[in-house]
């Protein structure tokens, strides 16, 4: 029976396959896409992905039901939390200017199977997100015409009473997705131009809302007579923060577009910073004017802004708000349809997904097969499926991607940079900086004290540590860690940090409600897991990291990514159990695709060297200061034919 069990070497090789990382090309600017997007183009793409229908709906909902006028504070905290994740994307987008966003970032630093699962989840996230926005767009337009479109469809087509299917087919939502798919397939420049138009209209409407809102503002709406500024207290502010956090999830479209940016090293970080800053400012200012125009407890959660203007006697302003909302939703649709095919293209280009999606149209220079196929799938989702139950799935996929990107930043920052070996000088002589032992049989004699001093100085120069090595200041206390490969301890510490964060957040979320822990055990577990988290953080910090790179780097590593990891895990655990159940089913489907196709067609699998039979191994033993002895050691099998047994032969060099 034991012979049917896998050997340890086979298990090791299998785990290495799962965790192999992507090999990047020497020239990462080379691409089959058209590098035509400027910083302004990327910024407007990011704004379009973030400032959607949430600005017109989410602000009123959170203000009335969760936080009151303190929704302003909720958006400030949510904007800062999003900034931690956005900075991680900015560093990766500048260092790895390739399409794929979180999938690509995870592949180059963590491992293949994790990258595939991230890409697999982001794929569904964009599909559901685009279909949900299309249905919201259809419903918003239908409400302007007193639901005539809905009534006509139900009368002439009929209704369904089937689980997971919509009450009636939404042809308008499917049609807008098909039209958007056609425009996206014309190329990045056309998509960018269309996004410019809708973004300009949307920002013009927002500017109108702010000016009119401050003119109509009444400070008494924040007074104690109306409930005060924070009627739900700190708990309401933090609950509102968790909801407002999802308003900023669209900035990753910038990272997904980095392969089409003219100068991604500068454009991607700037575009992410500008778009996130403008989006945060828009959400905060609109929340201010909305809660100052009318009392927060009288807001209409479904159409707060339009209703506020109507109640103040400016019914005509409701049409401008509706136009701005539709344009904002158009930008979100374009953002989803723009990003999704490029992530699928990156997976297909690496061999992890079906190869047909890696085809790029020679004239438009876009992955037209992915655009058409997933545009049709998105339209089908919007046409027949009930998406309300699946919308929460968007959150878990986004937060998981944020978590892995933050962990990837830590791993990548403490990895050694790839440097080419120094070329020998003319005449085949080694360069003066070469540390190789001379191949001649003569030993170098140090005739003077200055020669010996140069040798000592050379040894001291080794104190300049490479990334991933233990800092010299900690070596006397953590000497046992010096024997590990550079970056190996950091990788283990990152895994420990994430496990500690999961346990810590689980106690915070479920300790009092579901687990009913007594106070002493609740406090003890919090202290233990907090110590594990902090010790992992200190252990990472005790190692050298990369410095002096010419691209953008997130400050305060590893603290900033670690805080992002904790926040993302906490928000994931706040989701419902049904969301986790659907997430597990989708992961199982992804694993079937990966083990059935991806692991065998991966380009990294083709790059792996084939095992070869070794007839002899050579071990070098130091003997003296600059002498070496070479001993030939035969394998454990029989000696190769025609080769003498040289186990005991030593050759002095």
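Residue numbers (our numbering): 182 to 834. For each residue, glycine too, the CB sits at the ideal point set by N, CA and C.
The Cβ-Cβ distance between residue 582 and residue 283 falls below 8 Å.
Residue pairing by DSSP places residue 724 opposite 651 in a beta bridge. Fully contained in the segment 529 to 589 are the following alpha helix (DSSP H) runs of length 4 or more, in chain order: 549 to 565.
Annotation: residue 343 is outside any alpha helix (DSSP H) and is labelled neither H nor E by DSSP. For residue 445, the uninterrupted alpha helix (DSSP H) run begins and ends at 445 to 474, by DSSP.
Going by DSSP, residue 477 is part of no alpha helix (DSSP H) at all; its letter is neither H nor E. Apart from the 5 residues on each side of it in sequence, residue 768 sits with its Cβ closer than 7 Å to the Cβ of 298 in its chain, given in chain order. Excluding residues up to 5 positions away in sequence, 307, 310, 311 lie with their Cβ nearer than 6 Å to the Cβ of residue 517 in the same chain. Closest by C-alpha distance to residue 664, out of 650, 674, 672, 366, is 650. At a cut-off of 3 residues, not a single continuous stretch assigned as beta strand (DSSP E) sits fully inside the segment 298 to 367. 8 Å or more divides the Cβ of residue 232 from the Cβ of residue 421.
Spatial neighbours of residue 463 in its own chain (CB-CB distance under 6 Å, excluding positions within 5 residues in sequence) are listed in chain order as 232, 387. Going by DSSP, residue 425 is part of the alpha helix (DSSP H) stretching over 414 to 425. In the DSSP assignment, residue 656 falls outside any alpha helix (DSSP H) and carries neither an H nor an E. Under DSSP, residue 218 takes part in a beta bridge, and its partners are 442.
Cβ-Cβ distances below 6 Å link residue 379 to 508, 511, 512 in the same chain, with the five nearest sequence neighbours on each side left out; the list follows chain order.
In the structure shown, residue 236 adopts helical secondary structure according to DSSP, grouped into three states. Remark: C-beta atoms of residue 473 and residue 398 approach each other more closely than 8 Å. Here residue 578 has 302, 303, 305, 306 as same chain residues with Cβ atoms under 7 Å from its own Cβ, once five neighbours each way along the sequence are excluded. Within the same chain, Cβ atoms closer than 8 Å to the Cβ of residue 402 are found at 250, 472, 473, 474, 475, 476, 477, the five residues on either side in sequence being excluded. Comparing alpha carbon positions, the residue from 194, 220, 376 closest to residue 447 is 220. Per DSSP, residue 287 is one residue of the alpha helix (DSSP H) stretching across 283 to 288.
About 18 Å separates the Cβ atoms of residue 487 and residue 469, ruling out a contact at the 8 Å cut-off. Taking 8 Å as the upper bound for CB-CB distance, residue 545 and residue 366 are in contact here, some 7 Å apart. Under the Cβ criterion (8 Å, minimum of three pairs), the segment 520 to 529 does not count as touching the segment 323 to 343.
Here the alpha carbons of residue 504 and residue 355 stand approximately 20 Å from one another. Excluding residues up to 5 positions away in sequence, nothing lies with its Cβ nearer than 6 Å to the Cβ of residue 669 in the same chain. With contacts defined as CB atoms closer than 8 Å, residue 383 and residue 223 fail to qualify as a contacting pair. Counting only the Cα atoms, residue 244 lies some 16 Å from residue 394. Contact check between the segment 677 to 689 and the segment 699 to 713: three or more CB pairs, one atom from each, fall below 8 Å, which counts as touching. Our two residues, residue 515 and residue 698, have alpha carbons roughly 48 Å apart in a direct line. Between the C-alpha atoms of residue 268 and residue 240 there is a straight-line separation of about 25 Å.
Only exposed fits residue 191, as fewer than 16 other CB atoms lie within 10 angstroms of its CB. Residue state for residue 491 is assigned as helix, using DSSP reduced to three classes. Rounded to whole angstroms, the gap between the alpha carbons of residue 482 and residue 274 is 37 Å. Rounded to the nearest whole angstrom, the C-alpha separation of residue 214 and residue 730 is 26 Å.
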